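Take a look at the structure set out below.
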Amino acid sequence: MTFSLGVLLDARSFDADEWVRLATLADEARLDYVTIEDTFGSDPARPEASLVAARLAPVTRHVGLVPVLTTTHTEPFHLSTALATVDWVSRGRGGWQVRVSGRPEEAKLLGRRSSLPAEELFAEAADVVEVVRRLWDSWQDDAIIADVATGRFIDRDRLHYIDFEGKYFSVRGPSIVPRPPQGQLPVFALAHTAEVHEFATRVADVVIVTPAPGALELPGVADVVFSPGAAIESDAHVHTGSVGELADLLAGWHTLGATGARVRAGDHLEAVTGELVPLLRERGLFEPRGGTLRERLGLPTATNRYVQEARVA
Amino acid sequence: MPKQVILAAHFPGVNNTTVWSDPAAGSQIDFASFEHLARTAERGKFDFFFLAEGLALREQRGRIHDLDVVGRPDTLTVLSALAAVTTHLGLAGTLNATFHEPYELARQLATLDHLSGGRAAWNVVTSSGPFFGANFRRGGFLPYEKRYERAGEFIRTAKELWDTGGGEFAHRGDQFDIEGRFGIPRSPQGYPVILQAGDSDGGRELAAANADAVFSRHHQLEDAQEFYRDIKGRLPRYGRTPESLKIIPGVSFVLGDTDADAAEKAHHIRRQQVSPQTAILLLEQVWNRDLSAYDAEGPLPDVDPLDGETTIIQGRAGQFADRLDTAAEWRARAEQKNLSIRELIIEVTGRQNFIGTPERVASSLNEYVQTDACDGFILVPHLTPGGLDEFVDTVVPLLQERGVLRTDYETTTLRGHLGLA
Ligand SMILES: Cc1cc2nc3c(=O)[nH]c(=O)nc-3n(C[C@H](O)[C@H](O)[C@H](O)COP(=O)(O)O)c2cc1C
């Protein structure tokens, strides 16, 4: 079974070179992906994550690029086209970590409505993910025909209005961006509490869980903070021991059913890429893989919902 | 010293100017195409790369328009990727002030400016009505006459946010009532370069008040000079100098070994741009009725145009004004010269602007700039991605010889290249 390995990047730097340095470490170590931390309110201050992901795409070759983008105050249409474009510029290495933004300060940045209660935030997020996914499918892979005889560049029967109507918004489609190389980018979601876990397992391809004694919500990707020697507060599991002990821990979780690990390495990224990765490779737990991010994560080829519909009809 | 010629490279757009049927036409969506055009422009020491944007696919008679190239990447995302493969070239994107929000867009533009080392530019466009709105939360919320009110307040608000250097802001206005912490420290340019591409009086005032450059449609010499005087004449009211606002029309070009060779190529390209199907469609925009039964290689329809609201095409900038007059004029012209529908459409719609040897094209471009028809050009190639190669190889050196185009970048930011404060 595949055990995927990713790291969380949170450079908080506005200097592209610093991001390139970190992404290069991850890329050369053949990690499966980096998640790029962000919040809608940019607190603490961070560059916008989808643009960081795009900036890193041409200077990396293997690593998946998974920006955090919020569903709460944003336009589903823009999210869908931005993420599809991350996938185009990285040639199939894009992903999306979904986040909601519930803080009243964040609502005031937009100024159109007050903040929503938690259950509404997740109901809206589920609708946003649905719209984003439909828009990705709204162009069939074979939509471009460039047929000189009939003068047609596209076969418009292979483009689809998505006609989404929900409680929070409606979106007509189709997308303005052709279907991304992966068809569907892998969607990541954190599941650190029971309430969020329900949402994450429903909408996401990759559920990131916090392993705790007796309460490992598996299957899922285990979220672990690597903070050698210094205990810190986190919603993820905090590991303060050595790299060797971290490798033991991950191996243990793997036997319990974890499908991978996302390491929040902070200033210790080089210990992860230079020491942890070789240790895991020795143990046969981790292997460099090629291909799209979906392939590396062991996800099946994404079928297009509208093609299936067309076949049934 | 003569005025310098500003040059920008427009990625070929989603209209019939872009030829997809040529064997040399490449992908309109693969990143390699964007990289090729951007690197070519940077090799030619261009000021910036330019992307247009439309927030819904064009439609004709209620169905998706299928004759032209369509499908492009998200503007800011692809520009950020291009920042990785270029070092000096400005990166300009069209973004709609109606369907973005100031906090979010100001944050993204400041991010792009940081990640590109000071090369970001925003071409501010507006829209109203339900066509784009159907893809967004608020639908067609903005009345037509409010579009520049929102755009103007949007730009002013964005500048307030950029001015915080990442700190607290509060903006209370008719269009936006927002507050909080911006979060993004001051970017290398302070403000990304602001371009404006609307032509009405409201659009021109918006440019005079807020923009660093105007992307214009005026490319006939006298018309361009008049537009230039009009825009620059509005600046003193805003306490601005003529040099603080650049006027840059979008133009096309065809090069050849001789002028005759170039003219022949230009005609060939026009035939590629106006396929039989496209000819009928463009005619339908004037006739405002279904003409699919007519043969594009045959004579013009004997029926008259239908009056009333045009239903033929949505999502396209620019409409034909008085359809009955236009139809009469076209019929007369076709009869007199014995032109088929297709030949007529080739004649009356968008002939290329600069046609000739590299020497002729270089001198014409330079003449436009030196006679205050414009400050430079946004070049629109007809082919993706190689449509600018020949221009950079042959015309750029001639402009450099004349001392009107840099032989190397002297600054690192787009504001620096354009000589803007
Ligand atoms: C040269 C030029 C380029 C334009 N490019 C775009 C574009 O890429 N996307 C868009 O939505 N509108 C575009 N527009 C439309 C303008 O933003 C504006 O909506 C339109 O011109 C109507 O405004 P007006 O009444 O001030 O002319 C363009 C306009 C001009 C003149």
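Line by line, the protein sequences give chains A and F. For what it's worth, our numbering labels the leading residue of the first sequence as 1, then goes sequentially. For what it's worth, our numbering labels the leading residue of the second sequence as 1001, then goes sequentially. From the three backbone atoms N, C-alpha and C, an ideal C-beta is built for every residue, glycine too. The structure displayed is predicted, hence computed values, not measured ones.
Assigned with DSSP and collapsed to three states, Tyr33 of chain A falls in strand.
If you check each beta-carbon in the segment 1225-1241 of chain F against every beta-carbon of chain A, none falls closer than 9 Å. The three-state secondary structure of Lys1246 of chain F, taken from DSSP, is strand.
CA-to-CA, the gap between Ala1262 of chain F and Gly1356 of chain F works out to about 5 Å.
In this structure, the beta-carbon distance from Gly1165 of chain F to Phe1176 of chain F does not fall below 9 Å.
Assignment of alpha helix (DSSP H) within the segment 1079-1165 of chain F, counting only whole runs of 4 or more residues, yields 1102-1115, 1130-1133 and 1147-1163 in chain order. Looking at the backbone, the Cα of Ala1097 of chain F and that of Pro219 of chain A are separated by about 44 Å. Cβ contact annotation for Gly1387 of chain F (same chain, cutoff 7 Å, sequence separation greater than five): Pro1012 and Pro1381, in chain order. For Phe1011 of chain F, the closest Cβ of chain A is not nearer than 9 Å. Rounded to whole angstroms, the separation of the alpha carbons of Cys1374 of chain F and Arg12 of chain A is 42 Å.
For a Cβ distance threshold of 7 Å, residue set Arg1107, Gly1183 and Ile1184 of chain F lies close to Ser42 of chain A, ordered along the chain. When only Cα atoms are considered, Ile1247 of chain F and Lys1265 of chain F end up about 29 Å apart. The beta carbon of Phe226 of chain A sits no closer than 9 Å to any beta carbon of chain F.
Contact annotation: in the segment 1267-1295 of chain F, residues whose CB is within less than 7 Å of a CB in chain A are Ser1275, Pro1276, Gln1277 and Thr1278. Within 8 Å of the C-beta of Phe1215 of chain F there is at least one heavy atom belonging to ligand 1. A distance of 9 Å or more separates the beta carbons of Gly64 of chain A and Asp38 of chain A.
Under a 10 Å Cβ-count criterion, Val148 of chain A is classified as exposed, with fewer than 16 other Cβ atoms of the shown protein chains found around its own Cβ. When only Cα atoms are considered, Leu280 of chain A and Gly6 of chain A end up about 13 Å apart.
Around Leu276 of chain A, the same chain offers Val243, Leu246 and Ala247 as residues with beta carbons nearer than 7 Å, after the five sequence neighbours per side are excluded. Between ligand 1 and the CB of Tyr1148 of chain F, the shortest heavy atom gap is smaller than 8 Å. Just measuring C-alpha positions, the residue of F:Gln1370, F:Asp1163 and F:Val1396 sitting nearest Tyr1103 of chain F is F:Asp1163. In this structure, the beta-carbon distance from Gly1026 of chain F to Thr1384 of chain F falls below 9 Å. Less than 9 Å divides the Cβ of Val128 of chain A from the Cβ of Leu79 of chain A.
When the alpha-carbon of Trp19 of chain A is set against those of F:Glu1160, F:Ser1116, F:Gln1352 and F:Arg1156, the nearest one is in F:Ser1116. When secondary structure is reduced to three states using DSSP, Asp137 of chain A falls in the helix class.
Taking CB atoms only, Tyr306 of chain A has no neighbour in chain F less than 9 Å away. Per the coordinates, the alpha-carbon of Leu1079 of chain F lies some 9 Å from the alpha-carbon of Ala1120 of chain F.
For Trp1162 of chain F, there are no neighbours in chain A by C-beta distance under 9 Å, as the nearest C-beta there is about 13 Å away.
The beta carbon of Ala1052 of chain F sits closer than 8 Å to at least one heavy atom of ligand 1. Residue side-chain check: Val1125 of chain F places its Cβ nearer than 8 Å to a non-hydrogen atom of ligand 1. A straight-line Cα-Cα distance of about 28 Å links Asp43 of chain A and Thr1094 of chain F. Nearest C-alpha to Asp1307 of chain F among F:Asp1230, F:Trp1330 and F:Asn1288: F:Asn1288. A check of alpha carbon separations from Phe1046 of chain F across F:Leu1067, F:Ala1092 and F:Asn1338 identifies F:Ala1092 as the nearest. Runs of beta strand (DSSP E) with 3 or more residues, each lying fully within the segment 32-111 of chain A, are found at 33-36, 64-70 and 96-99, listed in chain order. By the Cβ rule, the segment 71-89 of chain A counts as touching the segment 53-62 of chain A, because three or more pairs are nearer than 8 Å. Taking C-beta atoms as the reference points, Ser1252 of chain F and Asn1353 of chain F count as a pair closer than 9 Å.
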